Amino acid sequence: MPMEADEIVQLIKQGIPGAEVEMQDLAGDGDHWAATVISSAFVGKSKIQQHQMVYGALGGRMGGVLHALKLTTMAQKP
Amino acid sequence: MSEPEVFGRIREEIGKNDVLLFMKGTPVFPQCGFSAAVVEVLSELGVKFHGVNILVDPELRDGIKQFSQWPTIPQLYVKGEFVGGCDIVREMAETGELGQLLKDKGVTLANAA
Chain H
4 MPMEADEIVQ
14 LIKQGIPGAE
24 VEMQDLAGDG
34 DHWAATVISS
44 AFVGKSKIQQ
54 HQMVYGALGG
64 RMGGVLHALK
74 LTTMAQKP
Chain D
63 MSEPEVFGRI
73 REEIGKNDVL
83 LFMKGTPVFP
93 QCGFSAAVVE
103 VLSELGVKFH
113 GVNILVDPEL
123 RDGIKQFSQW
133 PTIPQLYVKG
143 EFVGGCDIVR
153 EMAETGELGQ
163 LLKDKGVTLA
173 NAA
């Protein structure tokens, strides 16, 4: 079962409180997502650490039920 | 808890190859769009790299995810350092950061401007 956008957003927000999350359905199949996550919690962290925080929030689903999530992280809005 | 045995093999591969890509398929025949994208980025930069096909090695496939604390493939290593997966590598290539990182680490680029 692919994951719903709302479920992904909720998990990320639970893991990174105050994060802004924007989802985009890349392939229109509800299975290939792009997420942009904006959070001040990313300040001073490397890209790898920022992505790891999001993967951590997803609690092991990434690479499993959630197989395609293109991730963009930012400490503040561009 | 002692670390998985496969970590030793991963360290050896990383030590042997300045630019190493853990990927699905081979550089000539990638079997996943994300792996293909990183191969393309590296080829455009003219970087010589070694590809490890994790699809033919289930132990390595699980092991590398634990080793890097990173849930997905591909994974790019430069001189022993984990650089990132597809999104980060592509973003770094766009901003020129990747070329700079490779140069800083002393990796030869055939297509250097």
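One line per chain: the protein sequences are H and D, in this order. With the numbering used here, letter number 78 in the first sequence gets 81, and the count goes up by one each step, no holes. With the numbering used here, letter number 86 in the second sequence gets 148, and the count goes up by one each step, no holes. Even glycine gets a Cβ: it sits at the ideal position worked out from N, Cα and C. Source: prediction; values computed, not measured.
Going by DSSP, H:Met56 is part of the alpha helix (DSSP H) stretching over 50-60. A contact is defined here as three or more CB-CB pairs under 8 Å, and the stretch 65-77 of chain H meets this definition with respect to the stretch 29-46 of chain H. A contact is defined here as three or more CB-CB pairs under 8 Å, and the stretch 78-92 of chain D fails this definition with respect to the stretch 50-67 of chain H.
Among the CB atoms of chain H, one or more fall inside 8 Å of the CB of D:Phe144. Interface annotation, D:Ile150: in contact with chain H, CB-CB separation under 8 Å. Per DSSP, the unbroken beta strand (DSSP E) holding H:Asp28 starts and ends at 23-28.
Spanning the alpha carbons of D:Val90 and D:Glu102 requires a straight line of approximately 10 Å. Along the stretch 25-54 of chain H, the positions whose C-beta sits under 8 Å from a C-beta of chain D are Lys50, Ile51, His54, read in chain order.
Contact between the stretch 102-122 of chain D and the stretch 159-168 of chain D is present: three or more C-beta pairs spanning the two stretches fall below 8 Å.
Assignment of H:Thr39 by DSSP, reduced to helix, strand and coil, places it in the strand class.
Proximity of H:Lys16 to chain D, defined by a Cβ-Cβ separation below 8 Å, is not satisfied.
When CB distances to chain H are screened at a threshold of 8 Å, the residues of the stretch 116-132 of chain D falling below it are Lys127, Gln131, Trp132, in chain order.
Counted as a single uninterrupted DSSP element, the stretch harbouring H:Leu74 is not any alpha helix (DSSP H) but the beta strand (DSSP E) occupying residues 71-77. A straight line joining the alpha-carbon of H:Ile41 with that of H:Ile19 spans about 10 Å.
For D:Thr134, the neighbours in chain H by C-beta distance under 7 Å run, in chain order, Met65, Gly66. D:Gln93 counts as exposed, since fewer than 16 other C-beta atoms from the protein chains shown sit within 10 angstroms of its C-beta. Listed as beta-bridge partners of D:Pro92 by DSSP are D:Gly87. From the listed residues D:Pro66, D:Thr157, D:Phe84, D:Leu171, the smallest Cα separation to D:Gly142 is found for D:Phe84.
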